[in-house]
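Enquirer:
Residue numbers (the working numbering): 251 to 372.
(1) Who are the near neighbours of residue 252 in its chain, counting only those whose CB is closer than 6 Å to its CB and skipping five residues on each side?
(2) In the DSSP assignment, find the unbroken alpha helix (DSSP H) run with residue 380 in it and report its ends.
(3) Tell me the DSSP secondary structure of residue 306 in three-state form.
(4) What did DSSP end up calling residue 347 once you bin it into helix, strand or coil?
(5) Would you grab the beta carbon distance between residue 255 and residue 287 for me? Rounded to a whole angstrom, and I think it's under 8 Å.
(6) Based on DSSP bridge pairs, tell me the residues matched to residue 260.
(7) I'd like to check one pair, residue 283 with residue 352: are the Cβ atoms closer than 7 Å?
(8) Where does residue 329 sit, in a helix, a strand or coil, going by DSSP?
(9) Which of helix, strand or coil does DSSP assign to residue 312?
(10) Run the CB neighbour count on residue 315, radius 10 Å, all protein chains shown included, and call it buried at 16 or more, exposed below.
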């Protein structure tokens, strides 16, 4: 069994989890896992526990939902094409069922900056 390190942060006051989560419907990410750790945020009232994952990101795409909020899956061949064209930025969304690429800048805005540090709430 691999050893997973654990880190913690002492929060000065009550920790507002909503300020750091819930930015949209989420994204699918593909890549290589670089590091995994458990992280706790110790606020004045509670302890919030998370799993922090660092990725060497190869691809990110948006999750898409219909009017009833049922998730729609893109056609697999188009996902394969997105994988080939993602790095070059040449993939074009042509149909409603196409995967929607998420740029690296958008991923950083959702998850944090390139150092792995979380972004402050906006």
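Yeah, the Cβ is synthetic: ideal placement off N, Cα and C, and Gly gets one too.
Expert: On the basis of the data shown:
(1) The residue given as residue 252 occupies position 2 in the chain shown. Excluding residues within five positions, none has a Cβ falling inside 6 Å.
(2) The structure shown has nothing for residue 380, since the chain only spans 251 to 372.
(3) Counting from one through the chain shown, the residue named residue 306 turns up at place 56. In the structure shown, residue 306 sits in a strand (DSSP, three-state: E or B).
(4) Locating residue 347 in the chain shown gives position 97, counting from the first residue. Here residue 347 carries a coil assignment [DSSP, helix/strand/coil].
(5) Mapped onto the chain shown, residue 255 falls at position 5. Mapped onto the chain shown, residue 287 falls at position 37. That pair is a contact at about 5 Å.
(6) Locating residue 260 in the chain shown gives position 10, where the first residue counts as 1. Residue 260 pairs with 292.
(7) If you number the chain shown from 1, residue 352 lands on position 102. If you number the chain shown from 1, residue 283 lands on position 33. No. Outside cutoff.
(8) Indexing the chain shown from 1 puts residue 329 at position 79. Reduced to three states, the DSSP call for residue 329 is helix.
(9) Here residue 312 corresponds to residue number 62 of the chain shown, with the count starting at 1. Residue 312: strand per DSSP, three-state reduction.
(10) The residue given as residue 315 occupies position 65 in the chain shown. By the beta-carbon neighbour count (other beta carbons within 10 angstroms, threshold 16), residue 315 is exposed.
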